[in-house]
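Following: one structure in C-alpha cells, then a few remarks.
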Amino acid sequence: MTLVKPVVIALAVLAGPAGAQTAPKLSQIIADLESRGYVTSEIEVKRDRIEVEARTAAGARVELDIDPATGAIRSERPDD
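Residues -20 to -1, 1 to 60 (mature numbering (1 follows the signal peptide of the UniProt record, and there is no 0)) are what the sequence shown spells out, left to right.
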C-alpha cells in the first residue's frame, strides 16, 4: 500500500500542465520573429491562424501566416 501512493502522485504530476504541451504565447511568437530579423507592425489573431504584417531585415513588407498551436510560420508572402 505504501508504494501505491508515490506512483499515484507521480502520475498526477505527469498528467498536469507541466506534462502537457501548450501553445506558445503571442509574446514568444513575436520574440521569435524579431530574432529572425522581422519587425512586426500589425498582428491579427484568428481562430485557426495568426496573421502578422512585418518587415524583413532587408526592409521588404511581408504578411506571415503563423500556426497558433506551434508558432511556426506557415507562409510568407509580399504585403501590398
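Glycine included, every Cβ here is placed at the ideal spot set by N, Cα and C.
Note that the structure is a prediction, hence the values are computed from the model and not measured.
Which two residues bound the contiguous beta strand (DSSP E) that contains residue i?
{"i": "Asp45", "result": "41 to 46"}
{"i": "Ala34", "result": "30 to 35"}
Just how far apart, CA to CA, sit residue i and residue j?
{"i": "Val(-14)", "j": "Leu44", "result": "The pLDDT assigned to Val(-14) is 43, lower than 50, so where the model puts this residue is not dependable; a value taken from the coordinates is nonetheless given after this. Each residue's Cα considered, the two are about 46 Å apart."}
{"i": "Ala37", "j": "Pro58", "result": "14 Å"}
{"i": "Glu14", "j": "Ser55", "result": "17 Å"}
{"i": "Glu22", "j": "Val32", "result": "6 Å"}
{"i": "Leu(-10)", "j": "Pro48", "result": "Note on Leu(-10): pLDDT 42, under 50, position unreliable in the model; the coordinate value appears next. Leu(-10) and Pro48: Cα-Cα distance of roughly 28 Å."}
{"i": "Lys5", "j": "Arg16", "result": "17 Å"}
What first and last residue would you give for the alpha helix (DSSP H) that runs through residue i?
{"i": "Asp12", "result": "6 to 15"}
What did DSSP end up calling residue i once you bin it into helix, strand or coil?
{"i": "Arg57", "result": "strand"}
{"i": "Thr20", "result": "strand"}
My guess is that residue i and residue j are in contact by the Cβ rule of under 8 Å, so how many angstroms apart are they, rounded?
{"i": "Ala34", "j": "Val19", "result": "6 Å"}
{"i": "Gly39", "j": "Ile9", "result": "Rounded, the Cβ-Cβ distance is 22 Å, inconsistent with contact."}
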